[in-house]
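Taking it in order: structure first as structure tokens, then the write-up.
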Amino acid sequence: MIQLLEILGKDYESLKDVIIRTDFDSETLESFSKAGINAPVSEGKFNEDLYFFTFKIETYKIEFLRNKICQIDFIGDKNKTLEIIDYLRTIKDFEFKFISRQQVEETEWEIMDDNTEEESFTEFKRKRFEFDPSSQFDANNIDKYSFMAFRSDDVNIIIKEEFTENRPFFVFEIYKSPNIEDFN
171 MIQLLEILGK DYESLKDVII RTDFDSETLE SFSKAGINAP VSEGKFNEDL
221 YFFTFKIETY KIEFLRNKIC QIDFIGDKNK TLEIIDYLRT IKDFEFKFIS
271 RQQVEETEWE IMDDNTEEES FTEFKRKRFE FDPSSQFDAN NIDKYSFMAF
321 RSDDVNIIIK EEFTENRPFF VFEIYKSPNI EDFN
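To convert a position in the sequence shown, counted from 1, into this note's numbering, add 170.
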């Protein structure tokens with residue numbers, strides 16, 4: 171059993187026994203090794219069950235930055251998402267915020283920096299949302315939120331609803347708060 175929060179930020183070398191690389195086949199990795207090439211890890215999966223607290227995660231994606239696990243994304247249906255949100259809201263270390271779809275739709279785009287006079291410059295726009303701490307979270311209607319987020323000193327969790335032709339589902343993006351050392 172692998173606990174998601176325990177492996178976030180860990181180096182691939184320290185987790186070799188629980189991660190199976192899927193970015194290269196074993197023959198290619200062996201060729202790299204013989205040539206003295208230490209190929210950075212870009213894809214992998216765990217050889218044991220992955221858990222987020224007490225919740226078993228079936229479908230996930232590991233993201234690496236400089237051979238460290240920097241983010242794990244997973245999906246859940248509405249019921250599982252509600253269970254996880256209810257659980258996370260009981261943990262005092264997490265700050266919980268949410269933005270409704272309506273707020274996203276009603277918020278105007280703002281130009282970040284207007285350098286469009288320069289040749290070949292792309293204009294960047296963003297939407298900025300203010301969270302109202304007095305607003306009440308409606309757990310019975312989580313599909314009315316554009317995103318929900320939990321944040322602690324170490325971890326950020328973003329939850330967004332996505333859609334396929336057949337059904338909606340929720341995506342959890344879980345990542346460690348980056349340290350400057352991670353980019354050196």
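Using N, Cα and C, we set each Cβ at its ideal position, and we do this for glycine too.
Could you compute how far the alpha carbon of residue i sits from the alpha carbon of residue j?
i, j, result
"proline 210", "threonine 198", "13 Å"
"asparagine 336", "aspartate 247", "13 Å"
"aspartate 243", "glycine 206", "32 Å"
"lysine 238", "glutamate 343", "16 Å"
"serine 203", "aspartate 195", "13 Å"
"phenylalanine 301", "lysine 267", "7 Å"
"phenylalanine 353", "arginine 236", "Low confidence applies here, because phenylalanine 353 scores a pLDDT of 49, under 50, leaving its location unreliable; read the following figure in that light. Taking the straight line from one Cα to the other gives about 8 Å."
"leucine 178", "isoleucine 172", "11 Å"
"isoleucine 328", "isoleucine 254", "12 Å"
"asparagine 310", "isoleucine 281", "35 Å"
"leucine 174", "threonine 229", "13 Å"
"isoleucine 140", "phenylalanine 340", "Beyond the ends of the chain as shown, which are 171 and 354, falls residue 140; an answer cannot be given."
"asparagine 217", "serine 304", "44 Å"
"leucine 258", "glutamate 200", "42 Å"
"aspartate 324", "serine 347", "5 Å"
"tyrosine 345", "lysine 215", "17 Å"
"aspartate 308", "isoleucine 269", "11 Å"
"glutamate 276", "phenylalanine 299", "10 Å"
"asparagine 249", "isoleucine 312", "10 Å"
For residue i, count neighbouring C-beta atoms within 10 Å of its own C-beta (all shown protein chains included) and say buried if the count is 16 or more, exposed if not.
i, result
"lysine 186", "exposed"
"methionine 318", "buried"
"tyrosine 158", "The first residue shown for the chain is 171 and the last is 354, placing residue 158 beyond what the model contains."
"threonine 260", "exposed"
"isoleucine 232", "buried"
"isoleucine 190", "exposed"
"threonine 251", "buried"
Below 6 Å CB to CB, which residues in the same chain sit around residue i once its five sequence neighbours on both sides are set aside?
i, result
"glutamate 213", "Thr192 and Asp193"
"alanine 321", "It should be pointed out that residue 321 corresponds to arginine in this sequence rather than to alanine. If we look at arginine 321 and ignore the five residues flanking it on each side, its Cβ neighbours are Glu265."
"lysine 330", "Phe317 and Val341"
"proline 375", "A query on residue 375 cannot be resolved here, the shown segment of the chain reaching from 171 to 354 and no further."
Near residue i, what residues of its chain come up, given a Cβ to Cβ distance below 7 Å and the 5 sequence neighbours on each side ignored?
i, result
"lysine 180", "Lys238 and Ile239"
"valine 188", "Ile172, Phe216, Asn217 and Glu218"
Per DSSP, which one or two residues make a beta bridge with residue i?
i, result
"methionine 318", "Phe268 and Ile329"
"leucine 220", "Ile172 and Ile227"
"glutamate 343", "Asp243 and Ile328"
"proline 210", "According to DSSP, which records beta bridges pairwise, proline 210 is partnered with nothing at all."
Can you name, in chain order, every residue of its own chain whose Cβ lies under 8 Å from the Cβ of residue i, other than the five neighbours on each side?
i, result
"tyrosine 221", "Met171, Ile172, Gln173, Leu174 and Ile227"
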